[in-house]
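Each residue of the sequence shown is one higher than the one before, counting from 1333 in my numbering.
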Amino acid sequence: MKNIKLEIMFNGLNYFGFQKQPDKPTIQGEIENALFKLFNTKIDLIYSGRTDRGVSAKKMVANFLVDTQIEPIKISFALNQFLPEDIKILNSSEEKLDFHSRKSAKNKTYCYSLYVSKINLPMYVHETMFKTKLNYNKMKQAIKKFKGKHDFTSFVTPSCEIEDKIRTISKSKIKRKIENGITHYKFYFTGNGFLYNQVRIMVGTIILAGLNKIKPSDIKKIIKGKNRSLAGSVMPPEGLCLENVEYNN
1333 MKNIKLEIMF NGLNYFGFQK QPDKPTIQGE IENALFKLFN TKIDLIYSGR TDRGVSAKKM
1393 VANFLVDTQI EPIKISFALN QFLPEDIKIL NSSEEKLDFH SRKSAKNKTY CYSLYVSKIN
1453 LPMYVHETMF KTKLNYNKMK QAIKKFKGKH DFTSFVTPSC EIEDKIRTIS KSKIKRKIEN
1513 GITHYKFYFT GNGFLYNQVR IMVGTIILAG LNKIKPSDIK KIIKGKNRSL AGSVMPPEGL
1573 CLENVEYNN
C-alpha cells in the first residue's frame, strides 16, 4: 500500500467548493472520479482543508492510499488525462504512511485580491471589484493587527460549530499595484489554520479601515470583543485563493 501526496491547482469559479456534495460539481468529486478511472477502485481523498464555493487554489494538498505499480511521480500526469481543464495535479509523490494532508500541515497561506473600479472588468475574474477608493496606509496598519495568537470569534460565521476559535497568524501583509490606471490590492495571511469565512471577514474588516470607518487600532478591540457584529462583512468568494500549504520536512 502506498500513500500518495497530490499538489493540486484549481479554478473554483464553476464548483460548489472542494468537499464532495451530492448532485453538485466539486473539486473532490472530480478528483475521486479521476482516481476511479485510473485505478478502477473507489478511493477516498484526504485533503488539507475545505474551500468554499468559488474559491480557487494555487496549491491545495491531498493524499490517498492505493495499491499500485504505477510510479508515484507519474500518477499526476495520468490523473490529468481524466480531469477538466480547471483542475490539474501539479505534482504527485509517495509519502510515509503516517502522512496526513490535513493533520500534518504546519501552515497555510491565503491571498485575497480586489481591484477598485466602477465597473466589472473581464480580465480580473479572480479579483473582487470594489467601487470606492481605499486608504492604503490605513489598511497596511490594520492588517498588521491580526498577527499573533488570537481568539477569532469576531471573524467567523456564527453557524461555525468549531468550539476552539484560537488560531495563530504568523504573517499578514498587503500589497498594492497600479496597472493601466486600475488599483489592485492583495491581502496575504499565513497561519496554522483558518476558520470558516475567517479570511474573507478579516479582509472585510480591513476595508472598513480603508474607508476610514474604523481606526486601524480598532482591530484589536474587535478581536477582544469576540462578537461577530463588531467586524466587517464577508467578502465575495471569487477573490480568495489558497496560495500554499506548508509541511515540516
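Cβ atoms here follow ideal geometry from the backbone N, Cα and C, with glycine treated the same way. All of these numbers come straight from a predicted model, not from anything done at the bench.
Could you have a look at L1540 and say whether DSSP puts it in helix, strand or coil? helix
Which value, in whole angstroms, describes the spacing of the CA atoms of I1538 and R1499? 18 Å
Skipping 5 residues on each side, what residues in its chain have a beta carbon closer than 6 Å to that of I1554? S1486, L1562, A1563
Within the stretch 1361-1416, note down every full beta strand (DSSP E) run reaching 3 residues or more, in order along the chain. 1388-1398
So, under 8 Å CB-CB, L1422 and E1339 are touching, yes? Tell me the CB distance rounded to an integer number of Å. 4 Å
Which runs of the alpha helix (DSSP H) spanning at least 4 residues fall entirely within the stretch 1415-1486, listed in chain order? 1468-1476
Can you tell me the Cα-Cα spacing of S1611 and C1573, whole angstroms? Here the chain covers residues 1333 to 1581 and nothing more, so residue 1611 does not appear.
On a Cα-Cα basis, can you pick out the residue from K1369, K1374, K1391, K1552 that is closest to F1350? K1391
Cβ-Cβ distance between I1501 and F1478 below 8 Å: yes
Leaving out the 5 sequence neighbours to the left and right, which residues in its chain are closer than 8 Å to N1467 when beta-carbon positions are compared? A1541, G1542, L1543, N1544
Grab the span of the alpha helix (DSSP H) containing K1558 for me, first residue to last. From DSSP, K1558 is part of no alpha helix (DSSP H); its letter is neither H nor E.
Bridge partners - Y1517, DSSP secondary structure assignment: L1446, R1508
Collapsed DSSP secondary structure at V1535 in the structure displayed: helix
Per DSSP, what kind of secondary structure is E1493 in: helix, strand or coil? coil
In angstroms, rounded to a whole number, what distance separates the CA positions of P1404 and K1558? 46 Å
Work out the CA separation of L1370 and A1410 for me, nearest whole Å. 7 Å
Range covered by the beta strand (DSSP E) that runs through N1581: Where N1581 is concerned, there is no enclosing beta strand (DSSP E), given that its DSSP letter is neither H nor E.
Measure how close the beta-carbons of M1333 and D1399 come, nearest whole angstrom, since I'm counting them as under 8 Å. 5 Å
Please classify L1377: is it buried, with 16 or more other beta-carbons within 10 angstroms of its beta-carbon, or exposed? buried
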